[in-house]
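Chemist: Please read through the structure below; I'll follow up with questions.
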Amino acid sequence: MKLSDLRTGEKGIIVKVMGRGAFRKRIIEMGFIKGKEVTVIQNAPLKDPIHYKIMDYDVSLRRNDAALIEVVSAAEFAETQQKKQNISPDTLTTPSNDELQKIAFHKGKIINIALVGNPNCGKTSLFNFASGAHEHVGNYSGVTVDAKEGIFMQNGYTFRIVDLPGTYSLSAYTPEELYVRKHISEAHPDVVINVVDASNLERNLYLTTQLIDMDTRMVIALNMYDELERRANKLDHRTLGKLLGSPMVPTISRTGWGIENLFDKVIEVYEEQEPDLRHIHINYGDALEKAITCIKNKLNKEVDIEKNISRRYLSIKLLEGDPEIEKFVKSIPNSQPILEERDKQCIQIENLLKEDCETAFTNARYGFISGALRETFEENKIQQVTNTQLIDLFLTNKVLGFPFFIFFIWLMFEATFRLGAYPMEWIEWIVEHIGNFVRAYMSDGPVKDLLVDGIIGGVGGVIVFLPNILILYCCISFMEDSGYMARAAFIMDKIMHKMGLHGKSFIPLIMGFGCNVPAIMASRTIESRNSRMITILINPLMSCSARLPVYVLLAGAFFPNNASAVLFGLYATGIVLAVLMARLFRKFLFKKEDVPFVMELPPYRLPTAKSIFIHMWEKAKQYLHKMGGVILIASILIWFLGYFPRHSEKSDIYNQQIAQTEQADIPTEDKEKIMGEIEHLKNIDHQENSYIGHIGKAIEPILRPLGFDWKISVSLLTGMAAKEVVVSTLSVLYTGESDENSQSLQDRLKENKNAAGELTFTPLIALSLMLFVLIYFPCIATVSAIINEAKSWKWGLFVIGYTCVLAWIVSFIVYQTGNFFIHLFS
Numbered sequence: 001m002k003l004s005d006l007r008t009g010e011k012g013i014i015v016k017v018m019g020r021g022a023f024r025k026r027i028i029e030m031g032f033i034k035g036k037e038v039t040v041i042q043n044a045p046l047k048d049p050i051h052y053k054i055m056d057y058d059v060s061l062r063r064n065d066a067a068l069i070e071v072v073s074a075a076e077f078a079e080t081q082q083k084k085q086n087i088s089p090d091t092l093t094t095p096s097n098d099e100l101q102k103i104a105f106h107k108g109k110i111i112n113i114a115l116v117g118n119p120n121c122g123k124t125s126l127f128n129f130a131s132g133a134h135e136h137v138g139n140y141s142g143v144t145v146d147a148k149e150g151i152f153m154q155n156g157y158t159f160r161i162v163d164l165p166g167t168y169s170l171s172a173y174t175p176e177e178l179y180v181r182k183h184i185s186e187a188h189p190d191v192v193i194n195v196v197d198a199s200n201l202e203r204n205l206y207l208t209t210q211l212i213d214m215d216t217r218m219v220i221a222l223n224m225y226d227e228l229e230r231r232a233n234k235l236d237h238r239t240l241g242k243l244l245g246s247p248m249v250p251t252i253s254r255t256g257w258g259i260e261n262l263f264d265k266v267i268e269v270y271e272e273q274e275p276d277l278r279h280i281h282i283n284y285g286d287a288l289e290k291a292i293t294c295i296k297n298k299l300n301k302e303v304d305i306e307k308n309i310s311r312r313y314l315s316i317k318l319l320e321g322d323p324e325i326e327k328f329v330k331s332i333p334n335s336q337p338i339l340e341e342r343d344k345q346c347i348q349i350e351n352l353l354k355e356d357c358e359t360a361f362t363n364a365r366y367g368f369i370s371g372a373l374r375e376t377f378e379e380n381k382i383q384q385v386t387n388t389q390l391i392d393l394f395l396t397n398k399v400l401g402f403p404f405f406i407f408f409i410w411l412m413f414e415a416t417f418r419l420g421a422y423p424m425e426w427i428e429w430i431v432e433h434i435g436n437f438v439r440a441y442m443s444d445g446p447v448k449d450l451l452v453d454g455i456i457g458g459v460g461g462v463i464v465f466l467p468n469i470l471i472l473y474c475c476i477s478f479m480e481d482s483g484y485m486a487r488a489a490f491i492m493d494k495i496m497h498k499m500g501l502h503g504k505s506f507i508p509l510i511m512g513f514g515c516n517v518p519a520i521m522a523s524r525t526i527e528s529r530n531s532r533m534i535t536i537l538i539n540p541l542m543s544c545s546a547r548l549p550v551y552v553l554l555a556g557a558f559f560p561n562n563a564s565a566v567l568f569g570l571y572a573t574g575i576v577l578a579v580l581m582a583r584l585f586r587k588f589l590f591k592k593e594d595v596p597f598v599m600e601l602p603p604y605r606l607p608t609a610k611s612i613f614i615h616m617w618e619k620a621k622q623y624l625h626k627m628g629g630v631i632l633i634a635s636i637l638i639w640f641l642g643y644f645p646r647h648s649e650k651s652d653i654y655n656q657q658i659a660q661t662e663q664a665d666i667p668t669e670d671k672e673k674i675m676g677e678i679e680h681l682k683n684i685d686h687q688e689n690s691y692i693g694h695i696g697k698a699i700e701p702i703l704r705p706l707g708f709d710w711k712i713s714v715s716l717l718t719g720m721a722a723k724e725v726v727v728s729t730l731s732v733l734y735t736g737e738s739d740e741n742s743q744s745l746q747d748r749l750k751e752n753k754n755a756a757g758e759l760t761f762t763p764l765i766a767l768s769l770m771l772f773v774l775i776y777f778p779c780i781a782t783v784s785a786i787i788n789e790a791k792s793w794k795w796g797l798f799v800i801g802y803t804c805v806l807a808w809i810v811s812f813i814v815y816q817t818g819n820f821f822i823h824l825f826s
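Using the numbering used here, the first residue of the sequence shown is number 1, and each one after it goes up by one.
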């Protein structure tokens, strides 16, 4: 708890002092150090400031300053003990000061860390190695689209690490930059680990200079140090750390080298034992420094700002024209003189330096970095052709780039279908034998039918596609980690520009092949709001892995010789539709704007087997979690709605016909054939008169022009929750004949007939259905992500509406056109 939370008369033991700079130093000098007892004497009449007693002397602190001091109190101790031991408050004893000091000492060994760095600097790899977390590592900007937290222990200290989104600066251009800045200023991490790419210091240290302006306690991880040495460059990192006021530790996060040393250094910084740690002011030159001082003086004179916020940092950001900081200052009383002073100084700087303030600060920062590196860095002058340059001669070539890209995408789908077919058959065999075992040893009744047709049929019908999904994610992960995905964005930029977007939009769209939810979140890296919104709205047209089971099921059943080509065509159709919709949205919903395409092309790196395996394992867990969650519940619900009511008037007639056939004096083969046909008609009648049959019949007229019967209509309705449920619904509804229940779902679909004796599924109907599943209603999780990112539920409803209408139109055209030619040439 915070010192400001203590009530009058209560005592607390200090755990740690947060905050920054002179305020923190002054508070510690006054005796507010770990393990000391502090007592609340009284509150001022307006509850602020508060009178405390520490080390036998009285001190007054404002409430917002006291909120930066963490303490442990007797009341907190009692509450914790009550929860742990589940005892009444009356039996609790008041802890002694020694007990509270032990608790404070233990809590004082919990270090909150924020990982900050550029995209592609290895930050998330370091997070994964240190914490053991299974966060996916991608080799392009925007993989970490939200903060991830991990916990681990070392040398008796507990580290709580937050992996913040990768960002090139702390400006206010993207949501990620604002997110990182807000976390540092509001969450008050004890230490910031600034991860920099040792092979690209000048660009990476720009972010470091902005962290210095924020006055953060920082340790710099010189990551990818092996690449710096491989290029025969030399760096005096100890001297560079002294110049920056923050210690530097060489690391290689891919292998874990140096990470233990890094966190040992974090402990030294946290415990104030690091001699190289000091707060420096970057000298921006006379003109800028004069302007900073003038605004800083106004801030000190005119307004009362929390002491944990650096006045110098606020002054710099005001001069740079940062909209978020300007908004913050405007919310403070008496802020008008500050803004007037800022405007006055900006005019003087522009007249003197012949450039705007933001450019002047940027140039000054790079000048500071250049000067520091000139003293500490020695570059190998012998230029060598790198592997990246050789590979890019082919993969980004204006002639060969597109064929290579199309080949890699085709190869991904070919591997997904062909390689996945073998383990898919093994899983089908296991599911089939489990069903046969239950069918053979359980007595007939609703429970048996639920297990065989509902749970095993529904969940088993979907779980067989797990290998295909893992292979797809393996391919996507390899392209991301190797750095090829950034090249794909590079060669696609011109096409994206024709859509009214730019190359950066391609990354979230390709990520949509895995899952639309993180893909939509990855759109945060796009600076332009209009481009970002269009990317979000068309992302559901990218075929996520949840649709893959439907494609594999129907393509394998009805296009066995061309399944990979059908799969490729479906994904290509999604891309083409996304292009068309983006053009429409740009023309009618969002005004056109040109945004420059600026994206880093990282060096190619061979992905580690561990990274790819972790990615695949995480997706396997998510898929299996769906099996035991939404798909299991949906399968049971669908079975229940299809199983009841059990009897109808026609069922009694069918039973009489079966009984009469059994007693008839006809050959056994004919008797079995007739009884099978009657049983088939009885099953059709039962399903049509069940609860789910009534639901399907109600919506069938809308979807009948697309070739869909009521069972397919129901599967599309249930698939709104998750696309895999389409397969489980089909598996439950198309159960087959009683003596053919061991058939695979593909065989059952190919052979199923309606009451008129016509095949329910044909290749044309299967194609129409796959296209509908490709386009219609994104899953609930995707809709929720769209609402969160767009900051409005209206855009979620808009996506639901336009995808359903578009799906109906496309499937209608395909089915009706196909029918026309079939009848024309038949």
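Every residue gets a Cβ at the ideal spot worked out from N, C-alpha and C, and that includes glycine.
Going by beta carbon distance, what residues of the same chain come within less than 6 Å of S199, once the five residues before and after it are set aside?
Modeler: Looking up residue 199 in the sequence shown gives position 199. Result list for S199: M224, E227 and L228, in chain order.
Chemist: In this structure, does DSSP put H51 in helix, strand or coil?
Modeler: Translated into the one-based positions of the sequence shown, residue 51 becomes position 51. Three-state result, H51: strand.
Chemist: Relative to the C-alpha of T251, which candidate in L243, F798, V579 and K265 has its C-alpha closest?
Modeler: To locate residue 251, count along the sequence shown from 1; it is residue 251. Answer by Cα proximity: K265.
Chemist: Would you mind reading off the limits of the alpha helix (DSSP H) that contains R160?
Modeler: Locating residue 160 in the sequence shown gives position 160, counting from the first residue. No alpha helix (DSSP H) holds R160; the beta strand (DSSP E) holding it covers Y157 to D163.
Chemist: Bridge partners for T39 per DSSP, in chain order?
Modeler: Numbered from 1 along the sequence shown, position 39 holds the residue referred to as residue 39. Paired residues: K11 and K53.
Chemist: Mapping the DSSP letters down to three states, classify S60 as helix, strand or coil.
Modeler: Here residue 60 refers to the residue found at position 60 of the sequence shown. Strand.
Chemist: Would you check whether the ligand FAD has a heavy atom nearer than 7 Å to the C-beta of T124?
Modeler: Judged by which ligands are present, the structure shown has none, so any question about the ligand FAD falls away.
Chemist: Distance, Cα to Cα, F408 vs H615?
Modeler: Stepping through the sequence shown from its first residue, residue 408 is reached at position 408. Stepping through the sequence shown from its first residue, residue 615 is reached at position 615. Whole-angstrom Cα-Cα distance: 20 Å.
Chemist: If distances are taken between C-alpha atoms only, which option among K290, E202 and K34 comes closest to N363?
Modeler: Start at 1 with the first residue of the sequence shown, and residue 363 comes out as number 363. Closest by alpha carbon: E202.
Chemist: Per DSSP, I113 forms a beta bridge with which residues?
Modeler: Taking the first residue of the sequence shown as position 1, residue 113 is located at position 113. Answer is I161 and V191.
Chemist: Should the region 561 to 574 be regarded as contacting the region 428 to 446, the criterion being three or more beta carbon pairs within less than 8 Å?
Modeler: With the cut-off at 8 Å, the region 561 to 574 and the region 428 to 446 do not touch.
Chemist: Quick check: the region 50 to 70 against the region 22 to 34, are there 3 or more CB pairs under 8 Å?
Modeler: Output reads yes: the region 22 to 34 touches the region 50 to 70.
Chemist: What number of angstroms, rounded off, separates the C-alpha of W410 from the C-alpha of S543?
Modeler: As a working mapping, residue 410 is identified with position 410 in the sequence shown. As a working mapping, residue 543 is identified with position 543 in the sequence shown. Those two C-alpha atoms are separated by around 14 Å.
Chemist: Would V630 and A721 qualify as a contact pair, given that the criterion is a beta-carbon distance under 8 Å?
Modeler: Locating residue 630 in the sequence shown gives position 630, counting from the first residue. Locating residue 721 in the sequence shown gives position 721, counting from the first residue. Contact: yes.
Chemist: What does the Cβ neighbour count give for A785, buried or exposed, with the cut at 16 atoms within 10 Å?
Modeler: The count along the sequence shown starts at 1 and reaches residue 785 at position 785. By the 10 Å Cβ count, A785 comes out buried.
Chemist: Is it buried or exposed, N118, if we count other Cβ atoms within 10 angstroms and call 16 or more buried?
Modeler: For the purposes of this step, residue 118 is taken as the residue at position 118 of the sequence shown. The residue in question, N118, is buried, as its Cβ has 16 or more Cβ neighbours within 10 Å.
Chemist: Just mark H694 as buried or exposed, buried being the case when its beta carbon has 16 or more other beta carbons within 10 Å.
Modeler: As a working mapping, residue 694 is identified with position 694 in the sequence shown. With fewer than 16 other Cβ atoms within 10 Å, it is exposed.
Chemist: Rounded to whole angstroms, what is the Cα-Cα separation between Y313 and D213?
Modeler: Counting from 1 along the sequence shown, the entry for residue 313 is found at position 313. Counting from 1 along the sequence shown, the entry for residue 213 is found at position 213. Those two C-alpha atoms are separated by around 5 Å.
Chemist: Use the C-beta contact count for D56: other C-beta atoms within 10 angstroms, 16 or more gives buried, fewer gives exposed.
Modeler: Within the sequence shown, residue 56 is the residue found at index 56, counting from 1. D56 comes out exposed.
Chemist: Reducing DSSP to helix, strand and coil, say where S73 ends up.
Modeler: Residue mapping note: residue 73 aligns to position 73 of the sequence shown, counting from 1. Of the three classes helix, strand and coil, the one that applies to S73 here is strand, per DSSP.
Chemist: From G122 to P165, what distance separates their C-alpha atoms?
Modeler: Reading the sequence shown from its first residue, position 122 is the one you call residue 122. Reading the sequence shown from its first residue, position 165 is the one you call residue 165. Distance between the alpha carbons of G122 and P165: 12 Å.
Chemist: Tell me where the alpha helix (DSSP H) around L745 begins and ends.
Modeler: Counting from one through the sequence shown, the residue named residue 745 turns up at place 745. Here the alpha helix (DSSP H) through L745 covers L745 to E751.
Chemist: Output the residue ranges of the alpha helix (DSSP H) runs that lie fully inside the region 355 to 380 and measure 4 residues or longer, sorted by chain position.
Modeler: Fully enclosed alpha helix (DSSP H) runs of 4 or longer: 357 to 376.
Chemist: According to the Cβ coordinates, are I712 and L637 closer than 8 Å?
Modeler: Along the sequence shown, read from residue 1 onward, the residue named residue 712 stands at position 712. Along the sequence shown, read from residue 1 onward, the residue named residue 637 stands at position 637. No; because the gap between Cβ atoms is not below 8 Å, this pair is not in contact.
Chemist: Under the three-state reduction of DSSP, which class applies to F152: helix, strand or coil?
Modeler: As a working mapping, residue 152 is identified with position 152 in the sequence shown. Strand.
Chemist: Taking the continuous beta strand (DSSP E) assigned at P45, which residues delimit it?
Modeler: Here residue 45 corresponds to residue number 45 of the sequence shown, with the count starting at 1. First-last for P45: undefined, no H or E at that position.
Chemist: Return yes when the Cβ of N283 is within less than 8 Å of the Cβ of E289, no when it is not.
Modeler: Locating residue 289 in the sequence shown gives position 289, counting from the first residue. Locating residue 283 in the sequence shown gives position 283, counting from the first residue. A contact, by the Cβ cut-off of 8 Å.
Chemist: Tell me the DSSP secondary structure of M829 in three-state form.
Modeler: Nothing in the structure corresponds to residue 829, since the chain is present only between 1 and 826.
Chemist: Looking at C-beta atoms only, is the number of pairs between the region 450 to 460 and the region 723 to 737 that lie closer than 8 Å three or more?
Modeler: Yes, the region 450 to 460 is in contact with the region 723 to 737.
Chemist: Quick check on P607: does DSSP put it in helix, strand or coil?
Modeler: Walking along the sequence shown from the start, residue 607 turns up at place 607. Correct three-state label for P607: coil.
Chemist: Looking at the secondary structure, which residues open and close the alpha helix (DSSP H) in which V732 lies?
Modeler: As a working note, residue 732 is residue 732 in the sequence shown. Where V732 is concerned, the enclosing alpha helix (DSSP H) stretches over E724 to L733.
Chemist: Does DSSP put F597 in a helix, a strand or coil?
Modeler: As a working note, residue 597 is residue 597 in the sequence shown. Any answer about F597 is weak, because its pLDDT of 49 lies below 50 and its placement is not dependable; what the coordinates show is given next. Of the three classes helix, strand and coil, the one that applies to F597 here is coil, per DSSP.
Chemist: Which two residues bound the contiguous alpha helix (DSSP H) that contains P423?
Modeler: The residue you call residue 423 lines up with position 423 of the sequence shown. Element bounds for P423: G401 to Y441.
Chemist: For I252, which of helix, strand or coil comes out of DSSP?
Modeler: Within the sequence shown, residue 252 is the residue found at index 252, counting from 1. Here I252 sits in strand by DSSP.
Chemist: Comparing alpha-carbon positions, which option in W808, G642 and T782 lies nearest P701?
Modeler: The count along the sequence shown starts at 1 and reaches residue 701 at position 701. For the residues W808, G642 and T782, the minimum Cα distance to P701 belongs to W808.
Chemist: With a cut-off of 8 Å on the beta carbons, I'd call S505 and S477 a contact; round off their distance for me.
Modeler: Here residue 505 refers to the residue found at position 505 when the sequence shown is read from its first residue. Here residue 477 refers to the residue found at position 477 when the sequence shown is read from its first residue. Actually they do not touch by this definition, with Cβ atoms about 21 Å apart.
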